[in-house]
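Notes to accompany the following structure.
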Amino acid sequence: MDRKIKQVHFQITRNCNLRCPFCGQWGKKGFFADSSGIEMTCEDWNNVIIQLEKYREKTGANILITVWGGEPLISPIFDELMRMIHEKGFKTEVITNGVLIAEHKEILETYADRVYVSLDGTAEVHNEIRGNGVFEKVANNLKKLQHNNITIMSVVTKKLMCVLPVFLTELQKFNIKSLYLQDMIGLTTDEINHYKAWAKSVFGIDATEIDAWENNGEINFADEIDSIIDHTPDLNYTIEHKAHSNRTDIHCMSPFWHMHITWNGDVTYCTDFYDFKAGNVKEDTVETIFFNEKSEIYRNEITSGNCITCMHCSWKCASFEDE
Numbered sequence: 001m002d003r004k005i006k007q008v009h010f011q012i013t014r015n016c017n018l019r020c021p022f023c024g025q026w027g028k029k030g031f032f033a034d035s036s037g038i039e040m041t042c043e044d045w046n047n048v049i050i051q052l053e054k055y056r057e058k059t060g061a062n063i064l065i066t067v068w069g070g071e072p073l074i075s076p077i078f079d080e081l082m083r084m085i086h087e088k089g090f091k092t093e094v095i096t097n098g099v100l101i102a103e104h105k106e107i108l109e110t111y112a113d114r115v116y117v118s119l120d121g122t123a124e125v126h127n128e129i130r131g132n133g134v135f136e137k138v139a140n141n142l143k144k145l146q147h148n149n150i151t152i153m154s155v156v157t158k159k160l161m162c163v164l165p166v167f168l169t170e171l172q173k174f175n176i177k178s179l180y181l182q183d184m185i186g187l188t189t190d191e192i193n194h195y196k197a198w199a200k201s202v203f204g205i206d207a208t209e210i211d212a213w214e215n216n217g218e219i220n221f222a223d224e225i226d227s228i229i230d231h232t233p234d235l236n237y238t239i240e241h242k243a244h245s246n247r248t249d250i251h252c253m254s255p256f257w258h259m260h261i262t263w264n265g266d267v268t269y270c271t272d273f274y275d276f277k278a279g280n281v282k283e284d285t286v287e288t289i290f291f292n293e294k295s296e297i298y299r300n301e302i303t304s305g306n307c308i309t310c311m312h313c314s315w316k317c318a319s320f321e322d323e
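The sequence shown runs 1 to 323 under UniProt numbering.
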């Protein structure tokens, strides 16, 4: 199977200005709560950009860079980094909770090809999850942002399901292009133990960050979501339900075309589950890491269906198409 870098996530900070309970990073058991270390500097990221530029020249790869965190807009290097990426001619996406859009409005309008903004329901639902007044702040920012490619990302919760038809209608007042409804990630205790045993056996690592995703409650509303969408009148934006998949005849394509560079330079192939690290960009080049032995072992494990977390991923079936 072809291996070619086509998308890279830049996690420019682990810090966030919100504390959403379902978040694996900063939620109730979030793995960033006890993390320590120094975040990559603007110079560090520039070195990565230069490496990607050289890789693009050598391979002709059309590389998309996705900037996120944490919350990227609280990073002191966000504005400068966006300019640097743009100057090298890379397409760029930004994933944000939307609270600080007004402070970076010009940067987003000028340098971001696409902006993803989190809204998890109507004002009452969103504020209960993310904090009092957050919905109103984000809604006001969305009205100000002059951008023709905005996608709303919503985590599907029981609270959202109670107001979903109303929420879908309300979103029409914003200038958005699409809505992604993402199934909530949650692993049972047995699944987490299975994952830990697999990580230890194959990679010799003690998987501790996976504990952030433990959830033995009811979180799957896939059939109900699809029924509501099917019975919703035409809207002025598109809807895509990013559902989890238990299919065993397919596997995640991410390790074959995508890299996730974390806040401290570690490289993973998944943006949610961080225990496996293929290397660190402060020690090796992105190309060396992408094609190293650890990465190949990981790909083989994924294609063999041995990683249980893949059944709890909204992006398992994703493939990348050059635009």
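Glycine is no exception: its CB is placed at the ideal position from the N, C-alpha and C atoms. Values in this document were obtained by computation on a predicted structure and should not be read as measured data.
- Please state whether DSSP places residue 210 in a helix, a strand or coil. helix
- Minimum length 4: unbroken alpha helix (DSSP H) runs contained in the stretch 98 to 134: 105 to 111 and 123 to 130
- Message: Less than 6 Å between C-beta atoms, sequence neighbours within five positions excluded: which residues of the same chain meet that for residue 56?
- Response: Hits under 6 Å: 63.
- Could you tell me if residue 231 is buried or exposed, where buried requires 16 or more neighbouring beta carbons within 10 angstroms of its beta carbon? exposed
- Could you check which residue in 2, 1 and 7 has the C-alpha nearest to that of residue 286? 7
- Close Cβ partners of residue 235 (< 7 Å) along its chain, the five nearest in sequence each way excluded: 168 and 172
- Query: Can you name the residues that DSSP bridges to residue 240?
  - Reply: 180
- Item | Residue nearest to residue 149 in terms of C-alpha spacing, selected from 94, 188, 157 and 159 | 94
- Query: Within 10 angstroms of its Cβ, does residue 130 collect 16 or more other Cβ (buried), or is it exposed?
  - Reply: buried
- Which residues does DSSP pair with residue 259 in a beta bridge? In the DSSP output, where bridge partners are listed per residue, residue 259 has 8.
- Message: Taking only three categories from DSSP, how would you classify residue 280?
- Response: When secondary structure is reduced to three states using DSSP, residue 280 falls in the strand class.
- In three-state terms, what does DSSP make of residue 171? helix
- Would you mind sorting residue 1 into buried or exposed? The rule is 16 or more other CB atoms within 10 Å of its CB. exposed
- Task: Classify residue 153 as helix, strand or coil using the three-state DSSP reduction.
- Result: Strand at residue 153.
- Message: Just to confirm, is the Cβ distance from residue 91 to residue 113 under 8 Å?
- Response: Against a cut-off of 8 Å, the Cβ pair of residue 113 and residue 91 comes out as a contact.
- Out of 22, 210 and 47, which has the shortest C-alpha to C-alpha gap to residue 85? 47
- Item | Proximity of residue 292 and residue 279 at Cβ, strictly below 8 Å | yes
- Query: Leaving out the 5 sequence neighbours to the left and right, which residues in its chain are closer than 8 Å to residue 240 when beta-carbon positions are compared?
  - Reply: 178, 179, 180 and 181
- Item | Cβ-Cβ distance between residue 65 and residue 12 below 8 Å | It is not a contact, given that the beta carbons lie outside the stated cut-off.
- Item | Environment of residue 83 [buried if 16+ CB atoms lie within 10 Å] | exposed
- Query: Among 258, 174, 4 and 154, which has the Cα closest to the Cα of residue 141?
  - Reply: 174
- Query: Could one say the Cβ of residue 196 lies closer than 8 Å to chain C's Cβ atoms, at least one of them?
  - Reply: Protein chain content of the structure displayed is limited to a single chain, and chain C is not contained in it.
- From 297, 295 and 44, pick the residue whose C-alpha is nearest to that of residue 283; which is it? 44
- Closer than 6 Å by C-beta to residue 308: which residues in its own chain qualify, once you throw out the five before and the five after it? Chain order, please. 191, 194 and 195
- Helix, strand or coil: which one does DSSP assign to residue 91? strand
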